[in-house]
Amino acid sequence: MHLNPYGQDAVRLITELANDRPRSLPELVRRCAAAGLVIDMPVEEQDLAVALELVDRWCEVADTTDPAQRAALVNRLLAAASAYPRLTDHGGTGWHLHYRDDGVPLGSVLRALVGVGTALHLAGRGMDRLGRCAGSDCEIVYVDTSRGGRQRYCSPRCANRDAVRRHRATARRR
């Protein structure tokens with residue numbers, strides 16, 4: 001997976017895993033590969049548990065709206081996956097940075113990707129660029145990659161549904 005300057009790839013992957021948690025290790029591997037992660041590292045039985053714990057910790061970041069608290073939580077993610085950055089050209093995919101040691105298992109790779117990707121996304125786009133859908137009956141996590149940075153709903157469908165609810169409530173009060 002190539003981390004772009006905004007961390008979009010890693011943040012989109014963890015958002016997808018948060019909204020639809022993988023139920024098995026093969027499913028986790030398949031979804032990581034589908035997201036563009038080159039699976040050239042060991043895959044171990046505990047990687048699913050590590051990934052699910054990472055999802056829980058990352059959801060704490062998404063659920064926090066205070067920028068200082070959000071930064072502290074991201075820094076904890078980064079500390080859990082600390083390694084010096086290195087250039088690599090594995091699998092002939094082109095030179096890019098890895099924020100992890102070579103030979104670590106998938107769970108550790110995800111920790112590094114998600115920590116760095118989230119930090120890059122928030123630092124580059126803004127500390128308020130992820131959260132939970134504002135829809136009254138929706139718990140989906142979103143990552144805001146919009147141009148204007150004003151996303152508050154997981155989808156246009158949720159935004160429209162919420163607007164209709166507000167309109168109907170206003171009409172009833174009249």
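Note that the sequence shown covers residues 1 to 174 in the UniProt record's numbering.
Virtual Cβ for every residue (Gly too), placed ideally from N, Cα, C.
TODO: Please state if the CB of V114 and the CB of W58 are separated by a distance shorter than 8 Å.
DONE: yes
- [ ] Return the CA-CA distance between S82 and A51, expressed in angstroms with no decimal places.
- [x] 16 Å
TODO: Sort V61, R86, T65 by Cα distance to V74 and report the nearest one.
DONE: V61
- [ ] Tell whether a beta-carbon distance below 8 Å holds between D144 and L122.
- [x] no
Open item on the list: Per DSSP, what are the beta-bridge partners of V143 in this structure?
Closed with: L130
Open item on the list: For L28 and A34, I'd like the C-alpha separation in whole angstroms.
Closed with: 10 Å
Open item on the list: Helix, strand or coil, according to DSSP, for T64 in the structure here?
Closed with: coil
Task: Length of the line joining the Cα atoms of A112 and A159 - done: 33 Å
Open item on the list: Tell me the residue span of the alpha helix (DSSP H) that contains C167.
Closed with: It is worth fixing the name first, because residue 167 is His in this sequence and not Cys. 156-173 is the span of the alpha helix (DSSP H), which, as asked, contains H167.
Open item on the list: My output table needs one value for R152: the three-state DSSP class, helix, strand or coil.
Closed with: coil
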